[in-house]
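All remarks here apply to the structure that follows.
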Amino acid sequence: MTMQVRKAVFPAAGLGTRFLPATKAQPKEMLPLVDKPIIQYGVEEAMASGCDNIVIVTGRGKQSIEDHFDVSYELEKMLEERKKTDLLNIVRSISDMIHVAYVRQKEALGLGHAVLMARELVGNEPFAVLLADDVVDAKVPCLKQMVEVFNEMQCSVIATQVVEGKAISSYGVLDVKPVSSRFGERLFEIKNMVEKPPFEEAPSNLAIVGRYILTPAIFDCLSNTQTGAGGELQLTDGMRLLLQQEKMYAYVYEGKRHDAGDKLGFLKATVEFALKREDLGEPFREYLKGLKL
Ligand code: UTP
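Each residue of the sequence shown is one higher than the one before, counting from 48 in the numbering used here.
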């Protein structure tokens, strides 16, 4: 029987230190790109890719994520009374959108640990992991492209992108070999991976970005992984164990990724998303042209 990806896990229990002070009392995942929290972009991508079962891993101070995907009776009643139908539809579509389950990560012990917290809810089936602060703007949703690869290969698939120069040291980096498939030069078989290597030791310029499809064997691998610096359990270390048991593939997705968890990346994403908006694009473009840069 072929396996299908129906569940998507959003680790959202990190501390968001790169975005302080904004993230002192509100989750980074709720920062809005134009007018939509970044986690909603990810949830919409997961749904468009066939995952109607969403698991969000939350922690302290993340209540607003749950509220966002919940029904807001007072707001809906007020919008209804004031006949603000368009806004009412927007608000309702969010809570109607999905079935969300939440699980707590009590301490921010790393991305691998956050994924492990979803074990009970995921069960024994392949699942997607999306990092909300990697917002991917693509014609075909990034995860959907990866699901197509998964459906054919029936193995874990990690999204990757080429990162030139020293910046590669900020990522997990892949050592790969070519593979012949209908996905051409976008698909590689993974030989090894290493988290944040020094530039000189990076095995390639292929960086791991925040989209993964993993088989459930990852959970045992994570349970058997030693914690690293600061007591954090790294997802990359767990995936390296998985690699000893199963084939894994890396897919160079088509699309543009924004690192919205970083201040500069967030600003760039805001400008690009605003320029693409039908209602805001034109006046915003005129405004930008008028700036004496
Ligand atoms: P990041 O390292 O980008 O997030 O983790 P962070 O720790 O929140 O942010 P900075 O680096 O301090 O600014 C990637 C993803 O993994 C989640 C984060 O919420 C983010 O979506 N994460 C990270 C957890 O859920 N738990 C953790 O213990 C660590």
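We put the beta carbon where it would ideally sit given N, CA and C, even for glycine.
Kindly indicate which three-state DSSP category residue i falls into: helix, strand or coil?
| i | result |
| --- | --- |
| residue 50 | coil |
| residue 88 | helix |
| residue 239 | strand |
| residue 203 | strand |
| residue 334 | helix |
| residue 16 | Nothing about residue 16 can be read from this structure; the chain reaches only from 48 to 340. |
| residue 190 | helix |
| residue 120 | helix |
| residue 234 | strand |
| residue 272 | coil |
| residue 75 | helix |
| residue 283 | helix |
| residue 267 | helix |
| residue 213 | helix |
| residue 158 | helix |
| residue 324 | coil |
| residue 196 | helix |
| residue 183 | strand |
| residue 80 | strand |
Just checking my contact of residue i with residue j at CB under 8 Å: how many whole Å lie between their CB atoms?
| i | j | result |
| --- | --- | --- |
| residue 255 | residue 221 | 6 Å |
| residue 278 | residue 190 | The Cβ separation is near 30 Å, so there is no contact. |
| residue 88 | residue 193 | The pair is not a contact, with the Cβ atoms about 16 Å apart (cut-off 8 Å). |
| residue 177 | residue 57 | 6 Å |
| residue 243 | residue 216 | 6 Å |
| residue 116 | residue 142 | 6 Å |
| residue 59 | residue 112 | 6 Å |
List the DSSP bridge partners of residue i.
| i | result |
| --- | --- |
| residue 258 | 177 |
| residue 133 | The partner list for residue 133 (beta bridge, DSSP) is empty, contrary to what the question assumes. |
| residue 94 | Looking at the DSSP assignment, residue 94 forms no beta bridge with any residue, so it has no partner. |
| residue 219 | 242 |
| residue 100 | 54 and 146 |
| residue 105 | 151 |
| residue 298 | 206 and 234 |
| residue 340 | Note: residue 340 sits in no beta bridge, so no partner. |
| residue 139 | In DSSP, residue 139 forms no bridge with anything. |
| residue 376 | Nothing can be reported for residue 376, as the shown portion of the chain is limited to 48 through 340. |
| residue 253 | 209 |
So, at 6 Å on beta carbons, what are the nonlocal neighbours of residue i in its own chain, with the 5 sequence-adjacent residues on each side left out?
| i | result |
| --- | --- |
| residue 228 | 234 |
| residue 134 | 126 |
| residue 145 | 101 |
Ordered along the chain, which non-local residues of its own chain (more than five positions away) have a Cβ less than 8 Å from that of residue i?
| i | result |
| --- | --- |
| residue 343 | No information on residue 343 is available, as it lies outside the stretch 48 to 340 that the chain covers here. |
| residue 310 | 65 and 66 |
| residue 265 | 162, 203, 285, 286 and 289 |
| residue 148 | 100, 101, 102, 103 and 168 |
| residue 208 | 253, 254, 256, 299, 300 and 304 |
| residue 62 | 70 and 155 |
Using a Cβ-Cβ cut-off of 7 Å (strictly less than) and excluding sequence neighbours within five positions of residue i, which residues of its own chain qualify?
| i | result |
| --- | --- |
| residue 236 | 223, 224, 226, 294 and 296 |
| residue 85 | 76, 78, 179, 180, 182 and 307 |
| residue 282 | 158, 159 and 162 |
| residue 69 | 78 |
| residue 52 | 97, 98, 173, 174, 175, 194, 197 and 260 |
| residue 267 | none |
| residue 200 | 296 |
Quiz item: When the Cβ atoms of the region 58-73 are set against those of the region 92-112, are three or more pairs found closer than 8 Å?
Solution: The region 58-73 vs the region 92-112: in contact.
Quiz item: Three or more beta-carbon pairs under 8 Å between the region 116-127 and the region 239-252, yes or no?
Solution: No: fewer than three Cβ pairs fall under 8 Å.
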